[in-house]
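Visitor: Per our numbering, the very first residue in the sequence shown carries number 4; after that it's consecutive. By construction, the Cβ of each residue, glycine as well, lies at the ideal position given by its N, Cα and C atoms.
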Amino acid sequence: MNESNNWKYKDKNLNLLENFNSDSMQSEKREKLLNIIDESKKTELNEIFENGLNIKYEQFKRYFYEINLFMFKELEYNISESINCLIIGANIASITNTNLILERALKLALIQYEVGKLCDYNDKKIINEYIEADKKYSNEPMGKNIQKCKKYKILSEEEAKELRKYKLKFRDGFSHFTPSNILKGENNLTFISLPIKNSELDKSLKMPNFQSAEVRQFAINNAEEHLKYVLGIINHLQHKVLEKYKEIKSSAGNKSNHSTIKI
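(1) Report the rounded CA-to-CA distance for Leu192 versus Phe221, giving the unit in angstroms.
(2) Asn100 and Asn81: beta carbons closer than 8 Å?
(3) Going by C-alpha distance, which of Ile251, Asn238, Ser254, Leu113 is nearest Phe73?
(4) Is the Cβ-Cβ distance between Ile129 and Asp123 less than 8 Å?
(5) Suppose you measure from the CA of Lys231 to the CA of Glu31; what does that come to, to the nearest Å?
(6) Whose C-alpha, out of Ser183, Gly188, Glu228, is nearest the C-alpha of Met210?
(7) Relative to the C-alpha of Val118, which residue among Ile90, Glu132, Ile98 is closest?
(8) Find the nearest neighbour of Glu250 within the set Pro144, Cys152, Lys151, Lys120, judged by alpha-carbon distance.
(9) Residue range of the alpha helix (DSSP H) that Arg167 falls in?
(10) Does DSSP classify Thr99 as helix, strand or coil?
(11) Does the region 106-113 come into contact with the region 142-156, if we say contact requires no fewer than three beta-carbon pairs (one atom in each stretch) closer than 8 Å?
(12) Closest to Ser83 by C-alpha separation, out of Tyr66, Leu48, Gly146, would be which residue?
(13) Flag this pair as yes or no: are the beta carbons of Leu245 and Ala108 separated by less than 8 Å?
(14) By Cβ distance below 7 Å, which residues in the same chain neighbour Asn148 in space, the five residues on each side in sequence not counted?
(15) Where do the ends of the alpha helix (DSSP H) carrying Tyr60 lie?
So this is what it looks like as structure tokens:
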């Protein structure tokens, strides 16, 4: 395919900053219009940030103090991003980023569980083991890694089942934008007042634009709980890996003791 034909309409958008009539009168009108738009956008952003700092920060700041990431320190930046999104009301962004945290936490748990020891950057053997484990799990889909966690008893049967359901609703629902997954089991989230039931309206409520409004409201209602749920799972995964490390250490200690016994 000739590359020049790819995305041939990509520059057809009318950008007011770039497209204007060279006539001086038109240019003056354009500048006035852009100033009005700029001031409106600045006012909107100012309200979002002021509301975030003065009201929502107090509501969500407790999550900044979730510092017990003794195994998964690299997730701290992502967690801060999800909290920042909550503070400014970017709820769909918070859920989507929190899905990334959950998926990465499962992979880290499997990598660390399989290696069986903390990474030591002075030990080439351990570094190679981490690299090989990363290759094994980092490219695997979430469903497969949930199954692996169940096999290793990092997750129980019930925990794995719960997480698969959660994956379908939150991870698949938002990553693939599947409203039927997100809204399954939910009552109507947006309210339309009508004196009588209208069958035509029922059809209209299945239209994509209304589904998008429902998903936005679902995100507003559930973004914080989603983050709280995922943080709980992270803590669980860390301790399951720590249990494994203790088992290995205990087993190694027993072998060492047996080797010193004289007959």
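Guide: Taking the coordinates as given:
(1) 7 Å
(2) A distance below 8 Å separates the beta carbons of Asn100 and Asn81.
(3) Asn238
(4) yes
(5) Straight through space, the alpha carbons of Glu31 and Lys231 are spaced by roughly 51 Å.
(6) Measuring C-alpha to C-alpha distances from Met210 to each of Ser183, Gly188, Glu228 identifies Ser183 as the nearest.
(7) Glu132
(8) Lys120
(9) 160-169
(10) helix
(11) yes
(12) Tyr66
(13) no
(14) Leu109, Lys110, Leu113, Tyr140
(15) 60-63
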